[in-house]
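What follows is a set of notes on a single structure, which appears directly below.
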DNA sequence: CCGGAAAAAGAACGGTCGTTCTTGTGCAAA
DNA sequence: TTTGCACAAGAACGACCGTTCTTTTTCCGG
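Residue numbers (this note's numbering), protein chains in the order written: chain R, 290 to 497; chain E, 290 to 497.
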């Protein structure tokens with residue numbers, strides 16, 4: 290078996306495991322068992338534990354990119370592009386075929402204490418998400434779809450917050466309405482910064 | 290030394306440890322070391338690990354109650370009471386003297402995978418928070434401070450989301466502006482559901 | 001002062017972890 | 001066929017975990 294193929298298979302198994310049990314529960318033994326390999330066989334590819342975990346996070350971010358970005362090239366821009374991204378992003382792990390929840394969001398919280406390269410990788414992934422949001426928001430502002438004095442960093446923070454809330458409430462708290470609530474919050478925020486209907490109709494009251 | 294005093298001291302040490310390193314990192318050894326006790330001495334009070342962790346979560350919720358609820362009895366009601374609670378709640382661990390972040394929010398995320406009594410205790414604490422928010426929101430609606438058709442569950446979900454976002458961004462991502470951003474979101478949400486100025490001035494644009 | 005119960009200490013257990021090292025194994029070039 | 005090498009398997013290590021057990025200390029009523 291080629292080394293690269295095995296390495297990729299280990300990372301894929303690790304990603305599934307991180308999605309269903311969290312990055313903290315990743316061990317050489319658990320990954321080896323699921324990949325039908327020996328413990329030593331896994332260690333051979335990732336001599337240090339942090340290498341394996343960083344590799345899993347890299348693969349997760351790559352999967353996110355292929356799921357949420359590649360599907361959105363040129364078909365639109367400005368606000369429609371932002372809204373489409375938000376709808377694809379929130380709950381993207383299901384669409385990407387991951388068996389559990391978002392490994393990146395989970396890792397950001399789990400690794401918040403002990404510093405190290407794995408924690409930095411998780412924070413870097415979150416930074417990529419933030420920059421993606423900022424880029425899309427800026428584009429929507431440039432196209433006059435959003436109010437010109439919109440606080441970009443604040444709006445990105447709010448969207449990241451909705452993503453995190455959705456992650457926790459759908460996964461940790463098993464709220465079956467998590468999707469609906471997150472979509473509601475997104476719609477409501479978008480409506481409040483839209484240049485055309487800014488402050489006109491109040492999306493929080495009335496309809497359901 | 291009285292048994293109850295020692296037990297209380299162990300729980301206090303455990304709470305500090307959970308605040309600075311997370312509930313997952315709580316072990317009999319680590320708690321014993323910080324409490325200047327032997328490992329066996331700690332086990333004697335909490336024969337099972339889950340007893341210790343549930344005790345720590347109970348103490349955390351008790352501390353939250355004394356910090357965020359006791360200080361808000363009767364001095365007001367309706368919307369002012371809700372707003373005051375939100376401002377005290379977000380970042381309450383600092384005010385309560387805890388050395389790190391919120392052990393409850395951290396535990397909810399950390400324990401989301403493996404089931405057990407500790408996970409249920411964390412979820413129960415989150416439920417108490419949700420019920421507290423719902424109660425305050427309902428009171429504000431009854432007093433005609435909030436729009437009568439406000440979606441109570443959705444609004445409580447949004448506030449919980451801001452709390453979680455603040456927890457993650459201030460603690461995991463070390464954003465120095467986390468407090469300001471969370472306060473901004475709270476103000477903005479409150480303004481959008483206020484009966485008096487609903488939809489008039491748009492708090493998201495303009496200022497800042 | 002003393003005896004006994006409660007509390008703390010401490011040793012020991014099987015298990016799992018990351019890491020290191022040694023042993024086999026299969027395949028391609030010589 | 002034989003040699004060499006990368007890959008995988010597997011044993012071994014020290015450390016720490018939760019849990020159980022035994023021993024020592026502490027303290028209080030007689």
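C-beta: ideal position from N, C-alpha, C; glycine also.
Please state whether the Cβ-Cβ distance between residue i and residue j is less than 8 Å.
i, j, result
"residue 385/E", "residue 356/E", "yes"
"residue 407/R", "residue 336/R", "no"
"residue 313/R", "residue 399/R", "yes"
"residue 388/E", "residue 307/E", "no"
"residue 352/R", "residue 429/R", "no"
"residue 460/E", "residue 401/R", "yes"
"residue 425/R", "residue 449/R", "no"
"residue 300/E", "residue 345/E", "yes"
"residue 507/R", "residue 453/E", "Residue 507/R falls outside the range modelled here, since chain R spans only 290 to 497, and no answer is possible."
"residue 474/R", "residue 447/E", "yes"
Quick check on DSSP: helix, strand or coil for residue i?
i, result
"residue 422/R", "helix"
"residue 492/E", "Because residue 492/E carries a pLDDT of 49, less than 50, the predicted location of this residue cannot be relied on, and the following value inherits that uncertainty. The answer is coil: DSSP assigns residue 492/E none of H, G, I, E or B."
"residue 387/E", "coil"
"residue 403/E", "coil"
"residue 465/R", "coil"
"residue 303/E", "helix"
"residue 473/R", "helix"
"residue 451/E", "helix"
"residue 497/R", "Confidence at residue 497/R is low in this model, with a pLDDT of 37, below 50, so its placement is unreliable and no value can be given for it."
"residue 428/E", "helix"
"residue 460/E", "helix"
"residue 379/E", "coil"
"residue 335/E", "coil"
"residue 326/R", "coil"
"residue 344/E", "helix"
"residue 319/E", "helix"
"residue 440/E", "coil"
How long is the line joining the alpha carbons of residue i and residue j, rounded to whole angstroms?
i, j, result
"residue 481/R", "residue 296/E", "52 Å"
"residue 348/E", "residue 330/E", "20 Å"
"residue 470/E", "residue 328/E", "43 Å"
"residue 431/E", "residue 375/E", "19 Å"
"residue 354/R", "residue 373/R", "14 Å"
"residue 472/E", "residue 451/R", "16 Å"
"residue 305/R", "residue 317/R", "14 Å"
"residue 310/R", "residue 324/R", "16 Å"
"residue 495/R", "residue 434/E", "Bear in mind that the predicted position of residue 495/R carries a pLDDT of just 41, short of 50, making it unreliable; the figure below should be weighed with that in mind. So the alpha carbons of these two residues sit roughly 16 Å apart."
"residue 427/R", "residue 467/E", "21 Å"
"residue 291/E", "residue 334/E", "12 Å"
"residue 298/R", "residue 411/R", "21 Å"
On the DSSP bridge assignment, give the partners of residue i in chain order.
i, result
"residue 435/R", "483/R"
Taking 7 Å as the cut-off, is the C-beta of residue i nearer than that to any heavy atom in the ligand ATP?
i, result
"residue 446/R", "Here there are no bound small molecules, and the ligand ATP is not part of this structure."
inquiry  = Output needed in chain order: residues of the region 306 to 328 of chain E with a Cβ under 9 Å from some Cβ in chain R.
reply    = Residues of the region 306 to 328 of chain E that bring their beta carbon within less than 9 Å of a beta carbon in chain R comprise 309, 310, 311, 313, 314, in sequence order.
message = Along the region 385 to 413 of chain R, where does the CB come closer than 9 Å to a CB of chain E? Name the residues.
response = The residues in question are 389, 390, 394, 395, 397, 398, 399, 400, 401, 402, 403, 408, 411, 412.
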